[in-house]
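Reading through the structure tokens given below for one structure.
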């Protein structure tokens, strides 16, 4: 993260990828990373959204999580620009923005506007 590079953590199911990722994000939070670099973007299968929300709340409650998914994601206040406005607001206050592969494809232009 300090060199501006992203990463992919890929391993077999049940080996603790979620906890490993949350541990790294907590470490980055302690160092003030999210205050200067913007939130972390986590793209997960839709079937794992609820699991990520639950695990983040359980193991990393100090991290602010925004889930960018579903029909309500574009329902920002008037003048915010739909999904782009909603995502911009989330990026200002969240440490983590959680989304799915399908939502990322749909909202790619809005996602690209942000520093992750």
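Residue numbers (our numbering): 1470 to 1585. Just so it is clear, CB atoms sit at the ideal spot from N, CA and C, and this is done for glycine as well. Source: prediction; values computed, not measured.
Buried or exposed: where does residue i fall if 16 or more other Cβ atoms within 10 Å of its Cβ makes it buried?
| i | result |
| --- | --- |
| residue 1521 | buried |
| residue 1571 | exposed |
| residue 1526 | exposed |
Residues bridged to residue i by DSSP?
| i | result |
| --- | --- |
| residue 1511 | 1567 |
| residue 1535 | 1566 |
Residue range of the alpha helix (DSSP H) that residue i falls in?
| i | result |
| --- | --- |
| residue 1581 | 1577–1581 |
| residue 1486 | 1486–1499 |
| residue 1478 | Looking at the DSSP string, residue 1478 is not in any alpha helix (DSSP H), and its letter there is neither H nor E. |
| residue 1517 | Run containing residue 1517: none; DSSP gives neither H nor E here. |
Taking the alpha-carbon of residue i as reference, which of the options has the nearest alpha-carbon?
| i | options | result |
| --- | --- | --- |
| residue 1563 | 1569, 1537, 1490 | 1537 |
| residue 1509 | 1575, 1574, 1477 | 1477 |
| residue 1517 | 1578, 1569, 1491 | 1569 |
| residue 1535 | 1493, 1486, 1556, 1577 | 1556 |
Contact between the region 1574–1582 and the region 1502–1509: three or more CB pairs below 8 angstroms? Taking 8 angstroms as the limit for Cβ pairs, the verdict is that the region 1502–1509 does not touch the region 1574–1582.
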